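Working notes for the structure below.
Residue numbers (this note's numbering): 1 to 237.
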């Protein structure tokens, strides 16, 4: 449990992993706001999280646009307060396409959604944190970001970029009392993954709730000495 209530912003907080992380922070007494892009995301979140749906401020933002990210941070300050913790979960997957057949637009989509969004959100959040001398950021990379795989060039590069961006940011703020870390999931046990991989043994995958525990730990006082790390959360996948 945190020693005091912290204010948490979760990008992509309306999704399956984001919902689990939101629930975990609220359960330990923190105040959480989440970003959204489409109205149906908010409706879905409230439907599947009825106990907390009315307690979470929803902030509209296309986190691949710098002006909207900055506006989102300003809205967070106005509705919640100072930003103590940022968790960057927004992301997506494009795979199964050889690089020679991959449309440039799909490549750009992966770079913007998975990597640029993290860069912009960290860029907007860090000045406040470093000026104050405290703050925690967790980014979501992936095991695929460790090495290239056939048919997954854009995804691997974008998630590898999140990992190295995290390392660079951590080095830049290490003397300012701010911690920047990343987690690297493999296959997360979600309904979508079960549907798309029906022959796989999903018991080997990692639950969103277990990943949420790792994220909460990385933003706790107990993890104060961890900075610039990329933590594997593979389970047995």
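All residues carry an ideal CB built from backbone N, CA and C; glycine is no exception.
Quantities reported herein were computed from a predicted structural model and do not represent experimental measurements.
Can you give the Cα-Cα distance for residue i and residue j, rounded to whole angstroms?
i	j	result
residue 106	residue 217	34 Å
residue 134	residue 228	15 Å
residue 1	residue 83	Bear in mind that the predicted position of residue 1 carries a pLDDT of just 47, short of 50, making it unreliable; the figure below should be weighed with that in mind. Each residue's alpha carbon lies about 18 Å from the other.
residue 46	residue 12	14 Å
residue 122	residue 87	9 Å
residue 104	residue 91	18 Å
residue 132	residue 26	24 Å
residue 177	residue 61	28 Å
residue 49	residue 194	21 Å
residue 137	residue 85	6 Å
residue 39	residue 189	25 Å
residue 119	residue 165	8 Å
residue 205	residue 22	20 Å
residue 54	residue 43	11 Å
residue 221	residue 7	15 Å
residue 51	residue 203	27 Å
Given residue i, which residues of its chain have a CB within under 6 Å of its CB, disregarding the five upstream and five downstream residues?
i	result
residue 173	130
residue 65	none
residue 184	141, 142, 143, 230, 232
residue 170	180, 227, 228
residue 95	151, 152, 155
Given a cut-off of 7 Å, decide if residue j and residue i are closer than it, judged by their beta-carbon atoms.
i	j	result
residue 198	residue 151	no
residue 14	residue 29	no
residue 211	residue 233	yes
residue 224	residue 186	no
residue 139	residue 162	yes
residue 20	residue 208	yes
residue 145	residue 159	yes
I'd like the span of the alpha helix (DSSP H) that includes residue i, first residue to last.
i	result
residue 215	208 to 218
residue 33	Looking at the DSSP string, residue 33 is not in any alpha helix (DSSP H); the run it does join, the beta strand (DSSP E), is 31 to 36.
residue 118	117 to 132
residue 7	Looking at the DSSP string, residue 7 is not in any alpha helix (DSSP H); the run it does join, the beta strand (DSSP E), is 7 to 11.
residue 48	39 to 48
Within the same chain, show all residues whose beta-carbon is closer than 7 Å to that of residue i, passing over the 5 residues directly before and after it, in chain order.
i	result
residue 102	153, 154
residue 57	33, 79, 80
residue 76	9, 33, 59, 83
residue 18	10, 12, 34, 89
residue 116	64
residue 69	61, 63, 120, 121, 124
Hey, quick one: how far does the beta strand (DSSP E) through residue i stretch, first residue to last?
i	result
residue 136	135 to 140
residue 87	85 to 88
residue 281	The requested residue 281 does not occur in the structure, where the chain is confined to residues 1 to 237.
Cβ of residue i versus every heavy atom of the ligand ATP: is any distance shorter than 6 Å?
i	result
residue 141	The ligand ATP is not among the ligands present in this structure, which contains no ligands whatsoever.
Going along the chain, which residues of its own chain have a beta-carbon closer than 8 Å to the beta-carbon of residue i, five neighbours each way excluded?
i	result
residue 226	179, 181, 218
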